[in-house]
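J.: Quick one: structure below, then a few questions.
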Amino acid sequence: MIPLGSFLHWINSLLLWYFLAVNACYLLLILLSAIELRAYLKRLRYGSYDLLFRDPRTPSLSVLMPAHNEARTIATSVRGVLNLNYPNFEVIVVNDGSSDETLEVLKSEFRLVEAPRSMEAGIPASRIRASYRSLTVPNLLVIDKENGGKADALNAGINASRTPYFCAVDADVILEEDALLRVMRPVLEDPESVVAVGGIVRVANGCEVAHARVLTPRLPARLLPLFQVVEYLRAFLGGRTGFSRINGLLIISGAFGVFSKKWAAAVGGYRTDTVGEDMELVCAMHELLREMRVDYRIVFIADPVCWTEVPASLRVLSSQRRRWQRGLLETLWRHRGMLLKPRYGILAFFSYPFFLLFEGLGPLIEGLGYASVVLSWALGRLDAAYGMAFLTLALLMGMLLNLCSLLLEEYAFRRYPRWLDIARLVACGVIENVGYHQLTLWLRCLGVWDFLCKRKGWGFMVRKGFGRL
Amino acid sequence: MGLAGLPLILKWAVLGVWALSLLVGGLLGLLALTRLWRAVSHAYLLRRRAFFFPAIEALVMEEDGGLAERLRPGRWGDAAIVEEMLVELFAMVEGPLRERVSRLGEEIGLVHRHLKRLVSPRSHARAEAMERLGLLRSRRAVPSLLAALESEAPGLRVVAARALGRIQDPTALPGLLKALSGLPGSLGNPVAQALGSFGEKAVPSLLAEMESRETLRARVAMILGEVRSLSALPALAALLAQDRDPQVRAACAAALRQIAHPDAVPPLLEGLRDPFREVRAQSAWALGRMDDPSACPRLEEALLKDSYWWVRVRAAEALARLAEGRALLERHKEAPDPILRSLAREMLFLAGRGP
Chain W
4 MIPLGSFLHW INSLLLWYFL AVNACYLLLI LLSAIELRAY LKRLRYGSYD
54 LLFRDPRTPS LSVLMPAHNE ARTIATSVRG VLNLNYPNFE VIVVNDGSSD
104 ETLEVLKSEF RLVEAPRSME AGIPASRIRA SYRSLTVPNL LVIDKENGGK
154 ADALNAGINA SRTPYFCAVD ADVILEEDAL LRVMRPVLED PESVVAVGGI
204 VRVANGCEVA HARVLTPRLP ARLLPLFQVV EYLRAFLGGR TGFSRINGLL
254 IISGAFGVFS KKWAAAVGGY RTDTVGEDME LVCAMHELLR EMRVDYRIVF
304 IADPVCWTEV PASLRVLSSQ RRRWQRGLLE TLWRHRGMLL KPRYGILAFF
354 SYPFFLLFEG LGPLIEGLGY ASVVLSWALG RLDAAYGMAF LTLALLMGML
404 LNLCSLLLEE YAFRRYPRWL DIARLVACGV IENVGYHQLT LWLRCLGVWD
454 FLCKRKGWGF MVRKGFGRL
Chain B
5 MGLAGLPLIL KWAVLGVWAL SLLVGGLLGL LALTRLWRAV SHAYLLRRRA
55 FFFPAIEALV MEEDGGLAER LRPGRWGDAA IVEEMLVELF AMVEGPLRER
105 VSRLGEEIGL VHRHLKRLVS PRSHARAEAM ERLGLLRSRR AVPSLLAALE
155 SEAPGLRVVA ARALGRIQDP TALPGLLKAL SGLPGSLGNP VAQALGSFGE
205 KAVPSLLAEM ESRETLRARV AMILGEVRSL SALPALAALL AQDRDPQVRA
255 ACAAALRQIA HPDAVPPLLE GLRDPFREVR AQSAWALGRM DDPSACPRLE
305 EALLKDSYWW VRVRAAEALA RLAEGRALLE RHKEAPDPIL RSLAREMLFL
355 AGRGP
């Protein structure tokens, strides 16, 4: 039998190497993101969105908005989407069996009347009760269906759409005026190979909002949403931009993403038996396209901004993070065939292992690390210098990654005009590693547990509505 | 590797991260300074803009009196301000005044500044210069932009084409046509858009190109549709009927839809029987724009029998635009075929609601 001391010694070594590997990968991604952002900003200088707006080749688009009990925000969100700059688009709101006043609000706000809509019988979805059109807004279609979940609602929306691309948007987000033009730009530049594009999601809490527009980006006053601002910047600017650079993106946020209808339908649309339907769709498309040996790209653009309200209470955050972790693991498990298979290229050797080891199992490994340190200390096996050095390294590394993401934000977009906001973000990036990081780690561990218990369901989200952010 | 060897790695790692953190902190400080600089320079540039505004106003009012001298950049940042003001003017003025603004850009040295940048070793600088020359509608830049159309990098060719499309100098047409054939797939779209912006002026060259180059036919057909050239109608109709490539036939049907002339009805009716489904869908869509009741029987046939959903949708849409077609759709409102029934109901509803 191995003595406990040697076992701890061995675990600590392993964890150190794991820690170095994970941070090296994050730094690599940030470097790739910086390269991608630089190239993107240069391209922007000689190609205005005005040209896209006027180009007859700009493809028509359906914006799909699944809505379930969104009565408080739905009218504002739909109006915001209807006012976007795009030459030819239709908004399809899918009321997914809401038990509140969502449909009634839509009916009165947009003067809806029942109107038949012929749908392509493509992807299986729950029964449609009725479809409605607006007497005042010609490009609005509302579909009322039985409750089947977000993925099911999106599938109904895909069936109802008549455009080559669709944009899946959460019903509780605010899109910037040119968001559709920006997100469709890669498609227009390369329609043969771009099959999906994701846009950045930013935190709307604290922002000055009016008429479904973010007038002035501001930071939230409370600490919990503030930490999430830093977290979102790190995930989107520092992570997904880098993955996009190497065509290794495994996830496009369900809150805002454009997909080719042809390829989304070819993989059977969104899966209804997972809570990570957004990642699931991207992985399924990767798998199919690689198998068919199609030359394709799945792109992330850091410019088209989608603002969303993030959880302001611990209870809601817990529900969200557990769901995300469960969805991630469900998707990774379903697509485990990708791992280390040469056919899947960068996905097999970088993206998938990254998500599996650092995102999927990361909370458990990191948790094990904390337990091991505590145990080693309790048994008097922890070298004080070693412990301090490791702790300093962990804190500095977390700080470094956050600061790098802020640096990318400052370099590329500068969305927060106030000096005070930048100072708060920097401070937050420094202290986020003590407390908040461990909290999310615990929530993600619970998510892993939920996955192992095969728990289903979405949990809940409490929204204040954009007027009260 | 054992634990004993680790502290050294840790030491190095901690040192490295410290160094990197200091670096990042320093860069953040630098960016803060950049913010400050931006705020100060923005205020200064606004003042300079106000300084040039009377001269721009005089230009719009077509006054004389040393405009070139009044607008000539003197201080730091002036060139960019005056250039931006002239570019904004192009969106507002037309005819001779446009020409005058363009000449003024050349007289005060703005064009020369960008022409110099066209030989920069940095490709992004060259691309930006081309874009600015296009925005300034500088005819002097046409030879340089034509030369850029021969560039090795497809991206630069695209920017050059876009600039030439803005300048609209007829001497650029042959070069653009050549570039159209040299750019693969969607990269040719900006070139096609540039050619389309020439309007009728480009039609003879485009027709000749369509005649001689088989590979470009679909793309050229699309441009002719965008131009809405009546003179291209016979050629498009002939290709819709005869071309071997189904993509070309579909593009011709789409072009005929944009031209929307009654003479296109007979070939489009034939297009409804094309073996390729996209051609049938495009033909049905185009017939919906013709407002010709004689197309109703064939459209109804397509609505009832076609195997492709999109052909049926387009046929139903087309029928709903005509009184005779709506009468036919009324008959199918209770049809046993669910697709037929729902399409008839939907299109009648939309027709009743008006545009």
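If you read the sequences in order, they're chains W and B. Using our numbering, you'd call the opening residue of the first sequence number 4 and step up by one each time. Using our numbering, you'd call the opening residue of the second sequence number 5 and step up by one each time. Don't be surprised by glycine CBs; every beta carbon is placed ideally from N, CA and C.
Which two residues bound the contiguous alpha helix (DSSP H) that contains Y135(W)?
T.: No alpha helix (DSSP H) contains Y135(W), which is instead part of the beta strand (DSSP E) from I131 to S137.
J.: For the structure I just gave you, are there three or more beta carbon pairs, one from the segment 300-315 of chain W and one from the segment 182-190 of chain W, closer than 8 angstroms?
T.: yes
J.: Could you check the C-alpha separation between L253(W) and L291(W) for me, to the nearest Å?
T.: 13 angstroms
J.: Taking Cβ positions, are E110(B) and R144(B) nearer each other than 8 angstroms?
T.: Cβ distance < 8 angstroms, so E110(B) and R144(B) count as in contact.
J.: Consider the Cβ of A334(B): report whether some Cβ of chain W lies at a distance smaller than 8 angstroms.
T.: Checking the sequence, you will find Glu at residue 334(B) rather than Ala. No, E334(B) lies away from the interface with chain W (no Cβ there is under 8 angstroms from its Cβ).
J.: Report yes or no: is there a C-beta of chain B within less than 8 angstroms of the C-beta of P90(W)?
T.: no
J.: Check whether the Cβ of T395(W) lies closer than 8 angstroms to any Cβ atom in chain B.
T.: yes
J.: Does DSSP put T166(W) in a helix, a strand or coil?
T.: coil
J.: Between which two residues does the beta strand (DSSP E) harbouring L96(W) extend?
T.: Looking at the sequence provided, one finds Val at residue 96(W) rather than Leu. From DSSP, the beta strand (DSSP E) with V96(W) extends over F92 to D99.
J.: Would you kindly check if the distance between the Cβ of A245(B) and the Cβ of M226(B) is under 8 angstroms?
T.: no
J.: For G69(B), list the residues DSSP reports as bridge partners.
T.: Answer is none; G69(B) lacks a bridge partner.
J.: Assign T139(W) to buried or exposed, taking buried as 16 or more other Cβ atoms, counted over all protein chains shown, within 10 Å of its Cβ.
T.: exposed
J.: Is W313(B) close to chain W? Criterion is C-beta to C-beta, closer than 8 angstroms.
T.: yes
J.: Return the first residue and the last residue of the beta strand (DSSP E) that E211(W) is part of.
T.: Note, E211(W): beta strand (DSSP E), E211 to A213.
J.: Would you kindly report the start and end of the unbroken beta strand (DSSP E) that includes P307(W)?
T.: R300 to T311
J.: Which bits of chain B does L222(W) rub up against, with CB to CB less than 8 angstroms?
T.: Correct list: empty, because the minimum Cβ distance to chain B is about 16 angstroms.
J.: Taking C-beta pairs closer than 7 angstroms, name the residues in chain B that S164(W) reaches, listed in chain order.
T.: The contacting residues do not exist; S164(W) stays about 12 angstroms from chain B at best.
J.: Within 8 angstroms of any Cβ in chain B, is that where the Cβ of K265(W) sits?
T.: Closer than 8 angstroms to the CB of K265(W) there is not a single CB belonging to chain B.
J.: Give the single residue among R223(B), R261(B), E218(B) and R217(B) whose Cα lies nearest to the Cα of R232(B).
T.: Among R223(B), R261(B), E218(B) and R217(B), the Cα nearest to that of R232(B) belongs to R261(B).
J.: Closer than 7 angstroms by C-beta to M282(W): which residues in its own chain qualify, once you throw out the five before and the five after it? Chain order, please.
T.: L253, I254, G330, L331 and T334
J.: For N72(W), tell me which candidate among I14(W), S16(W) and N150(W) has the shortest Cα-Cα distance.
T.: Looking at I14(W), S16(W) and N150(W), the one whose alpha-carbon comes closest to that of N72(W) is N150(W).
J.: In chain order, what residues of the same chain have a beta carbon less than 6 angstroms from the beta carbon of E39(W), not counting five sequence neighbours either side?
T.: T244 and R248
J.: Who are the neighbours of A118(W) on chain C, taking C-beta pairs under 9 angstroms?
T.: The displayed structure is made up of protein chains W and B, and chain C is not among them.
J.: What does DSSP give as the partner residues of K148(W) in its beta bridges?
T.: D99(W) and I131(W)
J.: Alpha carbon to alpha carbon, what distance is there between A257(B) and G69(B)?
T.: Approximately 54 angstroms between the Cα atoms of the pair.
J.: Apply the 10 Å Cβ neighbour rule to W16(B) and answer buried if 16 or more other Cβ atoms are within range, or exposed otherwise.
T.: Looking at its Cβ environment, which holds fewer than 16 other Cβ atoms inside 10 Å, W16(B) is exposed.
J.: Using a Cβ-Cβ cut-off of less than 8 angstroms, give me the residues of the segment 13-34 of chain B that come near chain W, in sequence order.
T.: I13, L14, K15, A17, V18, V21, W22, L24, S25, V28, G29, L31 and L32
J.: DSSP puts S263(W) in a beta bridge; with which residues?
T.: Y168(W)
J.: Is there at least one Cβ from chain W nearer than 8 angstroms to I263(B)'s Cβ?
T.: no
J.: Since P69(W) is in the beta strand (DSSP E), which residue starts that stretch and which ends it?
T.: L64 to A70
J.: Could you spell out the range, first to last residue, of the alpha helix (DSSP H) harbouring G450(W)?
T.: Y439 to L455
J.: Going by DSSP, which residues form a beta bridge with L178(W)?
T.: By DSSP's assignment, L178(W) forms a beta bridge with C309(W).
J.: Please determine, among S185(B), G203(B) and K205(B), the residue with the shortest C-alpha to C-alpha distance to M214(B).
T.: S185(B)
J.: Specify, as a first and last residue, the run of the alpha helix (DSSP H) that A330(B) falls within.
T.: The sequence given here has Arg at residue 330(B), not Ala. Counting along the chain, the alpha helix (DSSP H) containing R330(B) begins and ends at A327 to R335.
J.: Could you pull out every unbroken alpha helix (DSSP H) segment of at least 4 residues lying fully inside the segment 187-241 of chain B, listed in chain order?
T.: Taking only runs of at least 4 residues, the alpha helix (DSSP H) segments lying wholly in the segment 187-241 of chain B are 193-201, 207-216 and 221-231.
J.: Nearest chain B C-beta to E234(W) closer than 8 angstroms, yes or no?
T.: no
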